[in-house]
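J.:
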Amino acid sequence: MDEAAQSAPGGPAAPVKYRQPDDRLRHGRAALAISFFAQGALFALLVTRIPAIQDRYGISDGLLPVFLAAVPILAGLGSVATEYVVKRIRPSVVLRWVQPVVALVLLLLGAGDQLWMAAVTLALFGVCVGGLDASMNMLGVSLQHTYGRSIMLGFHASYSLGGIVGACLAWSGAHWHISLVALYGPVVAVLIPLTLVASRWYADQEQPSVSGLGGEKQAVVMRLLMPLCLVMAFAYIGDSTVSNWSAKYLQDTLHSSEQLSTVPYAVYMVTTLIGRSVGDFGVRRYGAASVVRLGTVLAMAGFAVVAVAPGAWVGMLGFTLLGLGLCVIVPQTFAAAGRMFPGASDSAIARLNIFNYVGFLVGSPLVGALGDVWSYRGAMLVPMVLVGATLLYAKSFEAGPAGYGVGHERPSTVDVG
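Numbering of the sequence shown is given in my numbering, commencing with residue -18 and proceeding in unit increments.
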């Protein structure tokens, strides 16, 4: 064990001990990256094949939004439930068993043909995804704390890579008219054994001992967590705007071809992967708050370019900036919550994760409604302003007594973990 003395505003804090990464921690990091990858692929295979699911079950255009809204709502409930479950069961155990369930539910969704089956499977998918997202990020934050340096963006880069792979598989399925069950079956057959084997190396970490005057365990104070909750919601409003409206915006507003309109989301995902792959190095060098500020400015610039773009290629430049900017915000928000409540990071992350789904639920209808009553160019300015509010809360990302900012990390020149 080595010690990294932490400094905080107002004077030095007590030294915080970190474990030198050993084989167990390195294996745990790699195993968790596999879990993030699998989740990215599974989620992409769902959301990119919504039209095929609608056709298979005969879901009307009026009923489809109800089905789609139910998924993030139930995911939020799943995240709430996970906060209480992990008080008795380790996050690694939750993740080990809920991830195969998510994969099986997706396969059942592809195999069914009755409306009630769609309702049941989508409901199960929502609840389980809430637990999956929460437990994955709990493990990621605890591993980052033990490493003593930023590694959280790397996990989310794995998620982005999985999303790209899943989207490519979904495109292949649509192009060659492969049935949903034939598309999902081989993927599930690969990912379930892969994640179960990887789960043997998940590394749970003990929570730091942080007590009050009476020795009680630290509690999450929502008043303190709320700025990060708002940042999370705003980031997902921006993300859902891209995922739900980029193709329509390029085709209807910027008058691109149908083929070209499919490109912005792919570009967005690739730039998200690139930004997250290098983001940890930026956090280690300049601190989380600086990286989040830069990401926010880039995201605002991206929305502005999209809003004023004279044509499709300039619009794609805007979506590229959006990917590079938004990609750093969510992982650093989870990490900041862990730093803010080091003695109750699991609870903080479970509550913060709810606002992931709030943003996803609000973003798409908000932009659609504004586009219908105003204009889609003007509608793009609203998520720009909301994401820009992150600048007001940037201090929440600064390293405190248990932070990982400039001058607060264990010295290292090469990430060997």
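The beta carbon of each residue, even a glycine, is placed where N, CA and C say it ideally should be.
#1: Taking Leu55 as part of the alpha helix (DSSP H), name the residues at either end of that continuous run.
#2: So what does DSSP say about Asp327, is it helix, strand or coil?
#3: Taking just the CA atoms, how far does His156 sit from Asp261?
#4: Determine the contact status of Gln125 and Met133, defining contact as a CB-CB distance below 8 Å.
#5: Compute the beta-carbon to beta-carbon distance between Phe253 and Cys308, rounded to the nearest angstrom, for a pair I have assumed lies under 8 Å.
#6: For Val146, collect the residues of the same chain with a Cβ closer than 6 Å to its Cβ; drop the 5 residues on either side in sequence, then sort them by chain order.
#7: What are the boundary residues of the alpha helix (DSSP H) that Trp182 is part of?
#8: From which residue to which residue does the alpha helix (DSSP H) around Ile218 run?
#9: In the structure shown, what three-state DSSP assignment does Cys109 receive?
#10: Classify Ile70 as buried or exposed, calling it buried when 16 or more other Cβ atoms lie within 10 Å of its own Cβ.
#11: If we ignore side chains and look at the alpha-carbon of each, how far apart do Ala282 and Gly299 end up?
#12: Output needed for Ala50: all residues of its chain with C-beta closer than 7 Å, excluding positions within five of it in sequence on either side, in chain order.
#13: Return the CA-CA distance between Arg10 and Trp294, expressed in angstroms with no decimal places.
#14: Just how far apart, CA to CA, sit Thr394 and Leu45?
#15: Kindly list the residues whose CB is nearer than 7 Å to the CB of Leu194, restricted to its own chain and excluding five residues on each side of it in sequence; keep chain order.
#16: Would DSSP call Arg7 helix, strand or coil?
#17: Could you tell me the distance, in whole angstroms, from the CA atom of Val202 to the CA atom of Asp36?
#18: When we look at the beta-carbon of Pro245 and count the other beta-carbons within 10 Å, is it buried (16 or more) or exposed?
#19: Would you say the stretch 157 to 164 touches the stretch 282 to 292, given that touching needs at least three Cβ pairs under 8 Å?
#20: Can you tell me whether Asp4 is buried or exposed, with buried defined as 16 or more other CB within 10 angstroms of its CB?
#21: Take Val86 and list the residues in its own chain whose beta-carbon comes closer than 8 Å to its own, dropping the five residues that flank it on each side.
T.: Taking the coordinates as given:
#1: 45 to 66
#2: helix
#3: 37 Å
#4: Pairing Gln125 with Met133 gives a Cβ-Cβ distance under 8 Å.
#5: Note that residue 253 is Thr in the sequence shown here, rather than Phe. At roughly 4 Å, the Cβ-Cβ gap stays under 8 Å, so Thr253 and Cys308 are in contact.
#6: Ala22
#7: Careful: Trp182 lies outside any alpha helix (DSSP H) and carries neither H nor E.
#8: 203 to 229
#9: Residue state, collapsed to three classes: helix.
#10: exposed
#11: Their backbone Cα atoms lie some 7 Å apart in a straight line.
#12: Leu342
#13: Straight-line Cα distance between these residues: approximately 38 Å.
#14: At Thr394 the pLDDT is 35, less than 50, meaning the model places this residue with poor confidence; the figure from the coordinates comes in the next sentence. Approximately 51 Å, taken between the alpha carbons.
#15: In this prediction, Leu194 scores a pLDDT of 35, lower than 50, which makes its location untrustworthy; no coordinate-derived value is stated.
#16: Helix.
#17: 45 Å
#18: Flag for Pro245 reads buried.
#19: Here the stretch 157 to 164 does not lie against the stretch 282 to 292, with fewer than 3 beta-carbon pairs under 8 Å apart.
#20: exposed
#21: Thr102, Leu105, Phe106, Cys109
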